[in-house]
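For reference, the structure discussed in these notes is given below.
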Amino acid sequence: METPPSSFGTLTRRRLLQGIGLGTAGLALGACKGAEQPGGSDTLKIGFVSPRTGPAASFGEPDSYVLELARKKLAEGLTIGGTRYEVVVVDKDSQSNPQRSSQVANDLINSDGVDLMLTTSTPETVNPVSDACEAAGVPCISTVVPWQAWYFGRGAEPDQTDAYKYTFHFCFGVEQFHSAYTHLWPQVETNKKVAVMWPNDSDGNAIRASLGPMLEKSGYTIVDPGAYTNGSNDYSAQIAKFKAEGCEIFSTFPIPSDFATFWRQAAQQGFRPKIAQAAKTGLFPSQVEALGDIGAGVASAAYWTPTYPYTSSLTGVSSQALGDGYQQAAGKQWTQQLGPSLALFDVAAAALTAAGTPKDRDAVAAAMAELEVETPVGRLRWGAGPNKNVVSTPILGGQWVPGAGAYPLDFVLCENSSDPNVPVAGRLKRFGTLT
Numbered sequence: 001m002e003t004p005p006s007s008f009g010t011l012t013r014r015r016l017l018q019g020i021g022l023g024t025a026g027l028a029l030g031a032c033k034g035a036e037q038p039g040g041s042d043t044l045k046i047g048f049v050s051p052r053t054g055p056a057a058s059f060g061e062p063d064s065y066v067l068e069l070a071r072k073k074l075a076e077g078l079t080i081g082g083t084r085y086e087v088v089v090v091d092k093d094s095q096s097n098p099q100r101s102s103q104v105a106n107d108l109i110n111s112d113g114v115d116l117m118l119t120t121s122t123p124e125t126v127n128p129v130s131d132a133c134e135a136a137g138v139p140c141i142s143t144v145v146p147w148q149a150w151y152f153g154r155g156a157e158p159d160q161t162d163a164y165k166y167t168f169h170f171c172f173g174v175e176q177f178h179s180a181y182t183h184l185w186p187q188v189e190t191n192k193k194v195a196v197m198w199p200n201d202s203d204g205n206a207i208r209a210s211l212g213p214m215l216e217k218s219g220y221t222i223v224d225p226g227a228y229t230n231g232s233n234d235y236s237a238q239i240a241k242f243k244a245e246g247c248e249i250f251s252t253f254p255i256p257s258d259f260a261t262f263w264r265q266a267a268q269q270g271f272r273p274k275i276a277q278a279a280k281t282g283l284f285p286s287q288v289e290a291l292g293d294i295g296a297g298v299a300s301a302a303y304w305t306p307t308y309p310y311t312s313s314l315t316g317v318s319s320q321a322l323g324d325g326y327q328q329a330a331g332k333q334w335t336q337q338l339g340p341s342l343a344l345f346d347v348a349a350a351a352l353t354a355a356g357t358p359k360d361r362d363a364v365a366a367a368m369a370e371l372e373v374e375t376p377v378g379r380l381r382w383g384a385g386p387n388k389n390v391v392s393t394p395i396l397g398g399q400w401v402p403g404a405g406a407y408p409l410d411f412v413l414c415e416n417s418s419d420p421n422v423p424v425a426g427r428l429k430r431f432g433t434l435t
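For the sequence shown, position 135 (counting from the first letter as 1) is numbered 135 according to UniProt numbering, and the numbering increases by one without interruption.
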């Protein structure tokens, strides 16, 4: 792993306050996860909420490594405006449940007294945490929810450009999915009929409202049997419709367990599209390996890979070193969640520093609104759109193929339309042709 530098280097706020120095920053690890920590005027508390268990547990798989990496680097505290602050991270498992997410967020706010909240991975975790922070006036930074599902899914109106004061987000949106799909799918000849399975949840509703019409304008025919309920266990009616319509592309945004159920039933009932495009699931090796023989060839999209040419400004660790370090430490294949999870800490340290008075929640929120920071997913710049609260990040199309090395499957990037700096490694192949 690379040796991190002792400062943030290129990390800046565009109107960086004079006299704010950032030394080697620190996170003090308590005796156990979520333990009560000593507070005080010179202690900053950061909450971190992610799904470690439940249907979305695969998103939380690399959390321990990322938290350890950040804590190790930030062991000497943050020095801001001449004051040295101890920094404590209190991390909680959302259990992939909205009620639990809201509960732990309120516990972190009211019992632990966090100064800043970080949260990641799916609307079921991120949106309730963000709502709790907005209501309490606690700055919150979130990621890995399509930004429309985060922004509008929480109640913002289409014409609002500054719906929230304390909550900020960086993630891809439907426009990045549209770009990825319309550059990826033409690599296999099809009739452009797209069978879609979009659930009745924040992700599914945002995709149906925005991505569907965009794909139709690009010449695709959408075959939508209607929103389904998460946790359904019989998809025979939908499969029959897709077969009757002759759909050669399949696109879905389900929770992982639902996709596994659907995809196995599709194989049993003879629905075999030329392109099988998964999102929200099919992101991580464990999810695809669990499908067995029908996993190889599934197309997905990546919001980070080790080939992203970007570096964590907090730790100085490059994307390649991040992936390699995880594989060595965990004994598992890299997962794309590594990038954005570490990026949350890049943003957190930058925002607290740029605020000048990091215990002042309004000052931290004001700093976030015009923050610029380098992260493993790229350089994030708030204030450049699509609205005050959101930075759009890339998502790139690719495919799971039989592994050429130590792992059963490898993810190959096949297009880079939303970030040409990331190298392409192959072309999409028709599902069922990979051995």
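Glycine residues also receive a C-beta, built at the ideal position from the N, C-alpha and C atoms.
Practice task
Please work out which residues of its chain come closer than 7 Å, Cβ to Cβ, to C414, disregarding the five sequence neighbours upstream and downstream, and give them in chain order.
Solution key: Position 414 of the sequence shown holds residue 414. Answer for C414: L184, Q187, G397, G398, Q399, V424, G426, R427, L428, listed in chain order.
Exercise for the section: Using the DSSP secondary-structure output, state which residues sit across from S50 in a beta bridge. Expected result: Position 50 of the sequence shown holds residue 50. Answer is D93, bridged to S50.
Handout entry: Environment of P402 [buried if 16+ CB atoms lie within 10 Å]
Key = Start at 1 with the first residue of the sequence shown, and residue 402 comes out as number 402. Result: exposed.
Practice task
Return no unless some Cβ of chain D is closer than 9 Å to the Cβ of R361.
Solution key: Of the protein chains in the structure, only one exists, and it is not chain D.
Exercise for the section: Whole angstroms is fine: what's the gap from V422's alpha carbon to S319's? Expected result: For the purposes of this step, residue 422 is identified with residue 422 of the sequence shown, where counting begins at 1. For the purposes of this step, residue 319 is identified with residue 319 of the sequence shown, where counting begins at 1. In a straight line, the C-alpha of V422 is about 11 Å away from that of S319.
Handout entry: L371, DSSP secondary structure in three states
Key = Counting from one through the sequence shown, the residue named residue 371 turns up at place 371. Looking at L371 - three-state DSSP - the assignment turns out to be strand.
Handout entry: Beta-carbon contacts of A343 that lie in its chain and below 6 Å, excluding the five residues immediately before and after
Key = Within the sequence shown, numbered from 1, the residue matching residue 343 stands at position 343. Excluding residues within five positions, the ones whose Cβ falls inside 6 Å are T375, P376, V377.
Handout entry: Chain-order list of residues whose beta-carbon lies under 8 Å from that of I222 (same chain, five-residue window excluded)
Key = Taking the sequence shown and counting its residues from 1, one reaches residue 222 at position 222. Hits under 8 Å: V194, V196, G212, L215, E216.
Handout entry: Beta-carbon gap between T335 and P285 smaller than 9 Å
Key = The residue given as residue 335 occupies position 335 in the sequence shown. The residue given as residue 285 occupies position 285 in the sequence shown. Yes, the Cβ-Cβ distance between T335 and P285 is below 9 Å.
Exercise for the section: For the beta strand (DSSP E) holding I249, just list the boundary residues, first then last. Expected result: As a first step, residue 249 is located in the sequence shown; it is residue number 249 there, counting from the start. Unbroken beta strand (DSSP E) run through I249: 249-252.
Practice task
Could you spell out where the alpha helix (DSSP H) holding G325 opens and where it closes?
Solution key: Locating residue 325 in the sequence shown gives position 325, counting from the first residue. Element bounds for G325: 319-330.
Handout entry: Alpha-carbon spacing of S313 relative to S101, whole angstroms
Key = Locating residue 313 in the sequence shown gives position 313, counting from the first residue. Locating residue 101 in the sequence shown gives position 101, counting from the first residue. Approximately 29 Å between the Cα atoms of the pair.
Practice task
Work out the CA separation of A290 and A206 for me, nearest whole Å.
Solution key: Here the question's residue 206 lines up with position 206 in the sequence shown. Here the question's residue 290 lines up with position 290 in the sequence shown. About 28 Å.
Handout entry: Secondary structure of P408, DSSP reduced to three states
Key = By one-based count along the sequence shown, residue 408 stands at place 408. Looking at P408 - three-state DSSP - the assignment turns out to be coil, as it is neither helix nor strand.
Exercise for the section: Along the alpha helix (DSSP H) that carries W400, what are the first and last residues, could you check? Expected result: As a first step, residue 400 is located in the sequence shown; it is residue number 400 there, counting from the start. No alpha helix (DSSP H) holds W400; the beta strand (DSSP E) holding it covers 396-402.
Exercise for the section: Starting from the C-beta of R430, find all residues in its chain whose C-beta is less than 7 Å away, skip the five residues before and the five after it, and write them out in chain order. Expected result: Numbered from its first residue, the sequence shown carries residue 430 at position 430. Cβ neighbours of R430 beyond the five flanking positions: V188, K274.
Handout entry: Coil, strand or helix - I255 by DSSP
Key = Locating residue 255 in the sequence shown gives position 255, where the first residue counts as 1. In the structure shown, I255 sits in coil (DSSP, three-state: anything other than H, G, I, E or B).
Exercise for the section: Assess, as a yes-or-no matter, whether the segment 147-161 is touched by the segment 322-333 under the definition of 3 or more beta carbon pairs within less than 8 Å. Expected result: no
Exercise for the section: Take A156 as the anchor and find which of G383, P199, N387 has the nearest alpha-carbon. Expected result: Stepping through the sequence shown from its first residue, residue 156 is reached at position 156. Closest by alpha carbon: N387.
Problem - Three-way DSSP call (helix, strand, coil) for S300 in this model - result: One-based indexing of the sequence shown puts residue 300 at position 300. In this structure, S300 counts as strand in the three-state DSSP scheme.
Handout entry: Helix, strand or coil at residue 443 [DSSP, three-state]
Key = What is shown of the chain runs 1 to 435, which leaves residue 443 out entirely.
Practice task
Leaving out five residues on either side along the sequence, give the residues of the same chain with a beta carbon under 7 Å from the beta carbon of G432.
Solution key: Reading the sequence shown from its first residue, position 432 is the one you call residue 432. Once the five neighbours on either side are set aside, the close Cβ partners of G432 are R272, G297.
Exercise for the section: Would you mind reading off the limits of the beta strand (DSSP E) that contains Q277? Expected result: Translated into the one-based positions of the sequence shown, residue 277 becomes position 277. Segment 275-278, the beta strand (DSSP E) holding Q277.
Exercise for the section: Quick one: give me the first and last residue of the beta strand (DSSP E) that T125 is part of. Expected result: As a working note, residue 125 is residue 125 in the sequence shown. T125 -> not in any beta strand (DSSP E); alpha helix (DSSP H) instead, spanning 123-136.
Handout entry: Chain-order list of residues whose beta-carbon lies under 6 Å from that of S417 (same chain, five-residue window excluded)
Key = Residue 417 sits at position 417 when you count from the first residue of the sequence shown. Excluding residues within five positions, the ones whose Cβ falls inside 6 Å are S179, H183.
Practice task
Report the rounded CA-to-CA distance for T305 versus G339, giving the unit in angstroms.
Solution key: One-based indexing of the sequence shown puts residue 305 at position 305. One-based indexing of the sequence shown puts residue 339 at position 339. Taking the straight line from one Cα to the other gives about 7 Å.
Exercise for the section: Pull up the distance between the alpha-carbon of L67 and that of A132, whole angstroms please. Expected result: Along the sequence shown, read from residue 1 onward, the residue named residue 67 stands at position 67. Along the sequence shown, read from residue 1 onward, the residue named residue 132 stands at position 132. Taking the straight line from one Cα to the other gives about 23 Å.
Problem - Proximity to G246 [Cα-Cα], best of I255, H169, D224 - result: Position 246 of the sequence shown, counted from the first residue, corresponds to residue 246. Checked all of I255, H169, D224; the closest Cα to G246 is D224.
Practice task
Label residue 437 either buried or exposed according to how many other C-beta atoms from any shown protein chain fall within 10 Å of its C-beta, with 16 as the threshold for buried.
Solution key: An answer regarding residue 437 cannot be provided, because it is not within the stretch 1 to 435 covered by the chain.
Exercise for the section: Could you pull out every residue in the same chain whose Cβ sits closer than 8 Å to the Cβ of P420, ignoring the five residues on either side in sequence? Expected result: Residue numbering aside, residue 420 sits at position 420 when the sequence shown is read from its first letter. Hits under 8 Å: none found.
Exercise for the section: Would you identify the three-state DSSP class for L434, choosing helix, strand or coil? Expected result: Within the sequence shown, numbered from 1, the residue matching residue 434 stands at position 434. In the structure shown, L434 sits in coil (DSSP, three-state: anything other than H, G, I, E or B).
Exercise for the section: Specify whether the segment 56-76 and the segment 99-116 touch according to this definition: at least 3 beta carbon pairs, one from each stretch, less than 8 Å apart. Expected result: no
Handout entry: Per DSSP, the bridge partner or partners of T221
Key = Within the sequence shown, the letter at position 221 stands for residue 221. For T221, which the question treats as bridged, DSSP gives the partners K193.
Exercise for the section: Rounded to whole angstroms, what's the CA-CA distance from G204 to F253? Just pull it up for me. Expected result: Position 204 of the sequence shown, counted from the first residue, corresponds to residue 204. Position 253 of the sequence shown, counted from the first residue, corresponds to residue 253. Spanning the two alpha carbons is a distance of roughly 6 Å.
Exercise for the section: Count the other CB atoms, across all protein chains shown, that sit within 10 Å of the CB of T161; report buried if there are 16 or more and exposed otherwise. Expected result: Within the sequence shown, numbered from 1, the residue matching residue 161 stands at position 161. Flag for T161 reads exposed.
Handout entry: Nearest-angstrom Cβ-Cβ length linking V49 and V104, presumed shorter than 8 Å
Key = Position 49 of the sequence shown holds residue 49. Position 104 of the sequence shown holds residue 104. Indeed they touch by this definition, with Cβ atoms about 6 Å apart.
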